[in-house]
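*Asks:* Chains as they are written, first to last, in the numbering used here: chain F, 492 to 835; chain D, 492 to 835.
2 protein chains.
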Amino acid sequence: MLTERQLLILKVTVDDYIQSAQPVGSNQLSKKPEIPFSPATIRNEMADLEGMGFLEKTHTSSGRIPSQKGYRYYVDHLLTPRPLAQQDIKQLRSVFEEKLTETEEVIKRSAMILSELTNYTSILLGPDVRRHIVKKLSIVPLTEDAAVAIIVTDSGHVENRVFSIPPGLNPSDIEKMANILNERLVGVSLNNLHLRLEQETLTILKQHVERYGELFHTFRQAVLLPHEDENVFYGGKLNILKQPDFHDLQKIRNLMDVMEEAKHIPMILPVGSQGLHIRIGSENTLSAMEDCSVITVSYDIGEEQTGSIAIVGPKRMDYKRIVSILDLLSGDLSKELTRMFKGT
Amino acid sequence: MLTERQLLILKVTVDDYIQSAQPVGSNQLSKKPEIPFSPATIRNEMADLEGMGFLEKTHTSSGRIPSQKGYRYYVDHLLTPRPLAQQDIKQLRSVFEEKLTETEEVIKRSAMILSELTNYTSILLGPDVRRHIVKKLSIVPLTEDAAVAIIVTDSGHVENRVFSIPPGLNPSDIEKMANILNERLVGVSLNNLHLRLEQETLTILKQHVERYGELFHTFRQAVLLPHEDENVFYGGKLNILKQPDFHDLQKIRNLMDVMEEAKHIPMILPVGSQGLHIRIGSENTLSAMEDCSVITVSYDIGEEQTGSIAIVGPKRMDYKRIVSILDLLSGDLSKELTRMFKGT
DNA sequence: GTTAGCACTCTAAGTACCCGAGTGCTAATA
DNA sequence: TATTAGCACTCGGGTACTTAGAGTGCTAAC
Chain F
492 MLTERQLLIL KVTVDDYIQS AQPVGSNQLS KKPEIPFSPA TIRNEMADLE
542 GMGFLEKTHT SSGRIPSQKG YRYYVDHLLT PRPLAQQDIK QLRSVFEEKL
592 TETEEVIKRS AMILSELTNY TSILLGPDVR RHIVKKLSIV PLTEDAAVAI
642 IVTDSGHVEN RVFSIPPGLN PSDIEKMANI LNERLVGVSL NNLHLRLEQE
692 TLTILKQHVE RYGELFHTFR QAVLLPHEDE NVFYGGKLNI LKQPDFHDLQ
742 KIRNLMDVME EAKHIPMILP VGSQGLHIRI GSENTLSAME DCSVITVSYD
792 IGEEQTGSIA IVGPKRMDYK RIVSILDLLS GDLSKELTRM FKGT
Chain D
492 MLTERQLLIL KVTVDDYIQS AQPVGSNQLS KKPEIPFSPA TIRNEMADLE
542 GMGFLEKTHT SSGRIPSQKG YRYYVDHLLT PRPLAQQDIK QLRSVFEEKL
592 TETEEVIKRS AMILSELTNY TSILLGPDVR RHIVKKLSIV PLTEDAAVAI
642 IVTDSGHVEN RVFSIPPGLN PSDIEKMANI LNERLVGVSL NNLHLRLEQE
692 TLTILKQHVE RYGELFHTFR QAVLLPHEDE NVFYGGKLNI LKQPDFHDLQ
742 KIRNLMDVME EAKHIPMILP VGSQGLHIRI GSENTLSAME DCSVITVSYD
792 IGEEQTGSIA IVGPKRMDYK RIVSILDLLS GDLSKELTRM FKGT
């Protein structure tokens, strides 16, 4: 168990290191007004804290920096969210002043502002498109042998895909097919679309549409997979380059690579987890992120859908500030997007 | 005027430096089989070439590197495009094996493969969406007070935008409006859309639709500006970090920043210029690119539309190889996209 | 005209050195 | 007994110096 004084010293050490990026020495600390002890006392305490694994030295006679365990303890027990400056709140809320009509636009802008405000990289995940519900479905012929299938969902999201029409097909058949599909598929979630497509529409199509087989096949292909990565928005990808903690070009490359790769997103932004989470250093599953901390928070759209926000920065991240910012944004974003979604 | 020998030495010097990234010395050169002169002779010639501004030294007793003028001369007079390896051709053409149905997909994949093949950053600009022609226009109501406007163009491109409906409006009016718009606007290019919108449809709307004013206004807003940046595709943004020529983090940041900023794209990819162009160092308009070379080439879609391709790399770029690659790709891409567009 | 020879230059790498910030330990102090 | 002053020690980073090597320009010989 840590004593009051140890707690104080640990807290101030972490705070100072977060702010300065330099190892913290006993002299330095003793000069702070909140620390009324002599350097020698601090040295003793720091040695203890190091013994317990909360602090580390970069070399034998250097000041201390927080260890992973130190950050973890700080985040769990010593973190007092710092109230945001009016200026920050204003900037953060400016997104909602813009009268944007689309969810995606709001999320995109939020990502940008978030990265400007934090100087870290932000990743925002929109609500899962696959849970959206088909509102309208249409097929627009383009040429003799190609048409574009368009699916509008209740959220205003539009999926569209070009697919090929078997040569020599009767155009009226395409129209018929579109009608049948519309009758049967409006109200179905994108998730269940391909299932319903085969279960319900195939038999009916058979009866009404000539050569339904080929047509149905290419259409099905087109509708099958929604673009996955369309749903991820980044802000300040280059902010990583601003951090003094990252100097190894190789590591920067790995990190940026991993972040952009769609397949890694679920590892960074655990879909479905509620509330705010902080992962420090090697607590991240991806090895490229072992020098990073990631703070994630979820937000709600309506009652069913959720999205998430992540801030990726160095372990020496300004936790206080980021937590406050994310708290505020997640609330505001939930309110605004729910409002937009339901239609006031 | 340069002598044969000077030409040879200049060429080999540039080639060598492109390959090794190290200043080239007279001894080194004299060992090459294609150079039958003694180091002393080479030194004399190099001194001359330096005097004429084709070569530079990094310090008084270093080997030579090509100057901007040197690169320019090399590119203009000494460049012999290197035939591509079968392997490369195969990889480059693999895009077309994928049976992609959408122009955008093809361009996106090309950007990726291009960056993998070259190890530089590729930027591909699709055909100008604003010249596409409206094929179909529809309005899908979402909630009481919002609807999504969808415009399908002849290329299969789908623009969609959510806009707000004035409260309490009769839904049938929206349908009427959609019908009128469709009748009048199919066949118009996106470019002329807003013009035609006011000239032709406004009066008719007045006659048929109640409260056309408000509805028309928000709709017009929505349709007005196509998303500009949707048309630019990148490959290998991080390849810059691989180049030994770039080590200054600040410069890298600037460069990456400039490239992603949509408003700078026209400076990098001059829209409308035909054929292949090489800009070296300060020949680029953007100061952030003064250490880069950019090779651009245009491609055609159908008879009217064009897109362009750019490769951004260090001045010490493998011009031979890139020129060959771009030549091939631009031709293939033109063929393939024209085919797709016209519908075989 | 070409080249061998040579003195000269400059970088990069290695070594030595010192300064300062920091530590741990011991002994004195409150 | 807990705190602190004092002190010897450590280590990184900066500066100065040296050296090796690659390269140059110039001159004189071929």
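Cβ atoms here follow ideal geometry from the backbone N, Cα and C, with glycine treated the same way.
Which bits of chain D does PHE654 of chain F rub up against, with CB to CB less than 8 Å?
*Replies:* Position 163 of the first sequence, counted from the first residue, corresponds to residue 654 of chain F. Proximity of chain D to PHE654 of chain F at the Cβ level (cut-off 8 Å) is accounted for by THR592, in chain order.
*Asks:* Short check: CB of LEU616 of chain D to CB of SER825 of chain D, under 7 Å?
*Replies:* For the purposes of this step, residue 616 of chain D is identified with residue 125 of the second sequence, where counting begins at 1. For the purposes of this step, residue 825 of chain D is identified with residue 334 of the second sequence, where counting begins at 1. It is not a contact, given that the beta carbons lie outside the stated cut-off.
*Asks:* Between LEU820 of chain F and LEU583 of chain F, is the Cβ-Cβ spacing less than 7 Å?
*Replies:* The residue given as residue 820 of chain F occupies position 329 in the first sequence. The residue given as residue 583 of chain F occupies position 92 in the first sequence. Yes, Cβ-Cβ distance for LEU820 of chain F and LEU583 of chain F is below 7 Å.
*Asks:* Give the straight-line distance between the Cα atoms of PRO632 of chain F and LYS667 of chain D, rounded to the nearest whole angstrom.
*Replies:* Residue 632 of chain F sits at position 141 when you count from the first residue of the first sequence. Residue 667 of chain D sits at position 176 when you count from the first residue of the second sequence. Straight-line Cα distance between these residues: approximately 22 Å.
*Asks:* Determine the direct distance from the alpha carbon of LYS733 of chain F to that of GLU751 of chain D, and round the result to whole angstroms.
*Replies:* Residue 751 of chain D sits at position 260 when you count from the first residue of the second sequence. Residue 733 of chain F sits at position 242 when you count from the first residue of the first sequence. Rounded to whole angstroms, GLU751 of chain D to LYS733 of chain F spans 17 Å at the Cα level.
*Asks:* Taking only beta-carbon atoms, is MET747 of chain F less than 7 Å away from chain D?
*Replies:* For this step, residue 747 of chain F is matched to residue 256 along the first sequence. True, the Cβ-Cβ gap to chain D drops below 7 Å.
*Asks:* So is LYS627 of chain F in contact with chain D if we call contact Cβ pairs under 7 Å?
*Replies:* Locating residue 627 of chain F in the first sequence gives position 136, where the first residue counts as 1. Yes, LYS627 of chain F lies at the interface with chain D (some Cβ there is under 7 Å from its Cβ).
*Asks:* Since HIS648 of chain D sits in a beta bridge, which residues does DSSP pair it with?
*Replies:* For the purposes of this step, residue 648 of chain D is taken as the residue at position 157 of the second sequence. According to DSSP, which records beta bridges pairwise, HIS648 of chain D is partnered with nothing at all.
*Asks:* Given that a residue counts as buried once 16 or more other Cβ atoms are within 10 Å of its Cβ, and exposed if not, what is LEU837 of chain D?
*Replies:* Any property of residue 837 of chain D remains undetermined from this structure, which presents chain D solely from 492 to 835.
*Asks:* Any C-beta of chain F sitting closer than 7 Å to the C-beta of LEU740 of chain D?
*Replies:* Here residue 740 of chain D is taken as the residue at index 249 of the second sequence, counted from 1. Cβ-Cβ to chain F under 7 Å: yes for LEU740 of chain D.
*Asks:* Measuring only the C-alpha atoms, how far is LEU540 of chain D from ALA512 of chain F?
*Replies:* Within the second sequence, numbered from 1, the residue matching residue 540 of chain D stands at position 49. Within the first sequence, numbered from 1, the residue matching residue 512 of chain F stands at position 21. When rounded, the distance between both Cα atoms is 49 Å.
*Asks:* Tell me which same chain residues have a C-beta within less than 8 Å of the C-beta of PRO840 of chain F, skipping the five on either side of it?
*Replies:* This structure cannot settle anything about residue 840 of chain F, because the visible part of chain F is limited to 492 through 835.
*Asks:* Is it a yes or a no for the segment 590-597 of chain D touching the segment 541-548 of chain D, going by three-plus beta-carbon pairs under 8 Å?
*Replies:* Two segments are said to touch when three or more pairs of C-beta atoms, one from each, lie closer than 8 Å; by this definition the segment 590-597 of chain D does not touch the segment 541-548 of chain D.
*Asks:* Over the uninterrupted beta strand (DSSP E) stretch that includes PHE545 of chain D, give me the two end residues.
*Replies:* Start at 1 with the first residue of the second sequence, and residue 545 of chain D comes out as number 54. Element bounds for PHE545 of chain D: n/a, residue is neither H nor E.
*Asks:* Just checking my contact of VAL803 of chain F with ILE756 of chain F at CB under 8 Å: how many whole Å lie between their CB atoms?
*Replies:* Working through the first sequence from its first residue, we reach residue 803 of chain F at position 312. Working through the first sequence from its first residue, we reach residue 756 of chain F at position 265. With a Cβ gap of about 12 Å, VAL803 of chain F and ILE756 of chain F do not count as contacting.
*Asks:* Assuming TYR487 of chain F contacts VAL515 of chain F under a Cβ cut-off of 8 Å, what Cβ separation, rounded to an integer in Å, is found between them?
*Replies:* This structure leaves residue 487 of chain F out entirely; chain F is present only between 492 and 835.
*Asks:* With respect to the beta strand (DSSP E) encompassing ARG555 of chain F, which residues constitute its N-terminal and C-terminal limits?
*Replies:* On the first sequence, residue 555 of chain F is found 64 positions in, with the first residue counted as 1. Element bounds for ARG555 of chain F: 555-557.
*Asks:* For PRO530 of chain F, which residues in the same chain have their Cβ closer than 7 Å to its Cβ, ignoring the five residues on either side in sequence?
*Replies:* Walking along the first sequence from the start, residue 530 of chain F turns up at place 39. Spatial neighbours of PRO530 of chain F in its own chain (CB-CB distance under 7 Å, excluding positions within 5 residues in sequence) are listed in chain order as SER517, ASN518 and SER521.
*Asks:* Enumerated in chain order, which unbroken segments of the beta strand (DSSP E) with a length of 3 residues or greater are wholly contained in the segment 610-662 of chain D?
*Replies:* 612-616, 625-634, 637-644 and 649-655
*Asks:* Taking a contact to mean a Cβ-Cβ separation below 7 Å, would you say GLY766 of chain D touches LEU605 of chain D in this structure?
*Replies:* Within the second sequence, numbered from 1, the residue matching residue 766 of chain D stands at position 275. Within the second sequence, numbered from 1, the residue matching residue 605 of chain D stands at position 114. The answer is no: Cβ separation not under 7 Å.
*Asks:* Buried or exposed: HIS648 of chain F, going by 16 or more other Cβ atoms within 10 Å of its Cβ?
*Replies:* To locate residue 648 of chain F, count along the first sequence from 1; it is residue 157. Answer is buried; the Cβ neighbour count reaches 16.
*Asks:* Looking at C-alpha atoms only, which residue of D:LEU672, D:VAL653 and D:ALA779 is the closest neighbour of MET831 of chain F?
*Replies:* Your numbering for residue 831 of chain F matches position 340 in the first sequence. It is D:VAL653 whose Cα lies nearest to the Cα of MET831 of chain F.
*Asks:* Which residue wins for smallest C-alpha separation from VAL836 of chain D, given the options D:HIS685, D:SER680, D:LEU729 and D:ALA669?
*Replies:* Since the displayed chain D opens at 492 and closes at 835, residue 836 of chain D lies outside it and no answer follows.
*Asks:* For the alpha helix (DSSP H) holding HIS708 of chain F, just list the boundary residues, first then last.
*Replies:* By 1-based counting over the first sequence, the position of residue 708 of chain F is 217. Run containing HIS708 of chain F: 703-715, per the alpha helix (DSSP H) assignment.
*Asks:* If we cut at 7 Å on Cβ distances, does SER744 of chain D have a partner in chain F?
*Replies:* The residue you call residue 744 of chain D lines up with position 253 of the second sequence. Inspection of the sequence shows that residue 744 of chain D is occupied by Arg rather than by Ser. Cβ-Cβ to chain F under 7 Å: yes for ARG744 of chain D.
*Asks:* When you compare only the Cα positions, how much space is there between TYR790 of chain F and ILE816 of chain F?
*Replies:* As a working note, residue 790 of chain F is residue 299 in the first sequence. As a working note, residue 816 of chain F is residue 325 in the first sequence. For TYR790 of chain F and ILE816 of chain F, the distance between alpha carbons rounds to 13 Å.
*Asks:* To the nearest angstrom, how far is the alpha carbon of THR549 of chain D from that of ARG496 of chain D?
*Replies:* On the second sequence, residue 549 of chain D is found 58 positions in, with the first residue counted as 1. On the second sequence, residue 496 of chain D is found 5 positions in, with the first residue counted as 1. Straight-line Cα distance between these residues: approximately 23 Å.
*Asks:* Hey, is LEU824 of chain F close to the ligand SAH, as in C-beta under 6 Å from one of its heavy atoms?
*Replies:* The ligand SAH is not part of this structure, which contains no ligands at all.
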